[in-house]
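For reference, the structure discussed in these notes is given below.
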Amino acid sequence: VVAPQVLHAAPVGALTMDSNGLLAVKCGSPPSSHGVLLFLPVDGAELEVDPHVLAQTLAHKQLSVPHGVLARSVDVLEPEEAIVVCLDVSFSMTQAADPREVPLQLQDAVVDVDAL
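Numbering (the working numbering), first residue to last: 104 to 219.
Encoded structure:
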């Protein structure tokens, strides 16, 4: 995590904090200003900030990163596994299932559906 005071020297992709103390990602420096562009993952937005004003805001909220901490680059490794999260937002499962409505296709089995 990079201190706001040294964001100009930090590489693109460095982690820092936004004015609320949440993680933000440096995504560039606009050529026409002294600010830094931050991507805010929680909001999904980009925001231009003045690093010195950001440092003062965090200090006022008693949230800070030690001055001069710089991100270390790490070698990129090929992933060996991944986590996949699937969300069903179709609302197709909004009603409770009734086991008596589920067709049973079991051969040679006797099932007492009322006992379920």
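From the three backbone atoms N, C-alpha and C, an ideal C-beta is built for every residue, glycine too.
Just so we're clear, the structure is a prediction, and the values are computed from it rather than from any experiment.
Nearest-angstrom Cα separation, counted from residue j out to residue i
{"i": "H163", "j": "L157", "result": "10 Å"}
{"i": "V105", "j": "H155", "result": "13 Å"}
{"i": "P133", "j": "A185", "result": "34 Å"}
{"i": "L141", "j": "D153", "result": "10 Å"}
{"i": "D191", "j": "L150", "result": "31 Å"}
{"i": "S136", "j": "L166", "result": "25 Å"}
{"i": "C189", "j": "Q198", "result": "20 Å"}
{"i": "V115", "j": "F194", "result": "40 Å"}
{"i": "V109", "j": "C130", "result": "14 Å"}
{"i": "V187", "j": "G138", "result": "36 Å"}
{"i": "A181", "j": "T160", "result": "Note that residue 181 is Glu in the sequence shown here, rather than Ala. Straight-line Cα distance between these residues: approximately 38 Å."}
{"i": "H111", "j": "A127", "result": "14 Å"}
{"i": "E220", "j": "A113", "result": "As displayed, the chain neither begins before 104 nor continues past 219, which places residue 220 out of reach and without an answer."}
{"i": "A117", "j": "P107", "result": "11 Å"}
Close beta carbons around residue i, own chain, < 6 Å, minus the five adjacent residues each side
{"i": "L125", "result": "V145"}
Limits of the unbroken beta strand (DSSP E) element including residue i
{"i": "L157", "result": "Taken as a continuous stretch (DSSP letters only), L157 belongs to no beta strand (DSSP E), being part of the alpha helix (DSSP H) at P154 to H163."}
{"i": "T197", "result": "First-last for T197: undefined, no H or E at that position."}
{"i": "L110", "result": "L110 -> no beta strand (DSSP E), and no H or E assigned at all."}
{"i": "A127", "result": "L126 to G131"}
{"i": "L140", "result": "V139 to L143"}
Residue i Cβ short of 7 Å to the ligand GDP heavy atom set
{"i": "A148", "result": "For the structure depicted, the ligand GDP is absent and the ligand set is empty, with no information on it obtainable."}
Check your understanding: Quick one: any contact between the stretch 110-125 and the stretch 139-146, if contact means 3 or more CB pairs under 8 Å?
Key -> yes
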